[in-house]
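Report on one structure; see the data block that follows.
In full-length UniProt numbering, the protein residues as written are 1 to 110.
Written out as structure tokens, the structure reads:
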């Protein structure tokens, strides 16, 4: 009986294209050989477009991606978010806009 490693690459690509994210991660962890076969498909699926926030953690992840030869080769679109997270979980604050209290005091000439 043929194994996944024995499948033609077109067929293994077809199989992996139908997997959801969790199953894809599980398949990659089966073995190093399986990971090597499906890694280009994984990279194309999940690293073609990356969204980066102007935050330390997000930028550090971008550095890690840029150092990975397969992931960086798949990267075609990089979208940079100018919003940053605030202390309030449901409130995003534009980094380019001053806080309301600062703009009000500037208008008063304080």
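A virtual CB, placed ideally from N, CA and C, is assigned to each residue, including glycine. Note that the coordinates shown come from a computational prediction; the quantities given were computed from them, not determined experimentally.
Inset, instruction - Would you kindly work out how many angstroms separate the C-alpha atoms of residue 82 and residue 59, rounded to a whole number? - result: 13 Å
Inset, instruction - Go ahead and pull the three-state DSSP assignment for residue 82. - result: Looking at residue 82 - three-state DSSP - the assignment turns out to be coil, as it is neither helix nor strand.
Legend entry - Sheet register partners of residue 77 (DSSP bridge): 49
Legend entry - Beta-carbon proximity check, residue 75 vs residue 50, cutoff 9 Å: yes
Legend entry - For residue 57, three-class secondary structure by DSSP: Residue 57 falls in the helix class under three-state DSSP.
Inset, instruction - Please say whether residue 45 and residue 24 have beta carbons closer to each other than 9 Å? - result: yes
Inset, instruction - Tell me where the alpha helix (DSSP H) around residue 4 begins and ends. - result: Unbroken run through residue 4: none, as it is neither H nor E.
Legend entry - Buried versus exposed call for residue 63 [16 or more other C-beta atoms within 10 Å across all chains shown]: With fewer than 16 other Cβ atoms from the protein chains shown falling within 10 Å of its own Cβ, residue 63 counts as exposed.
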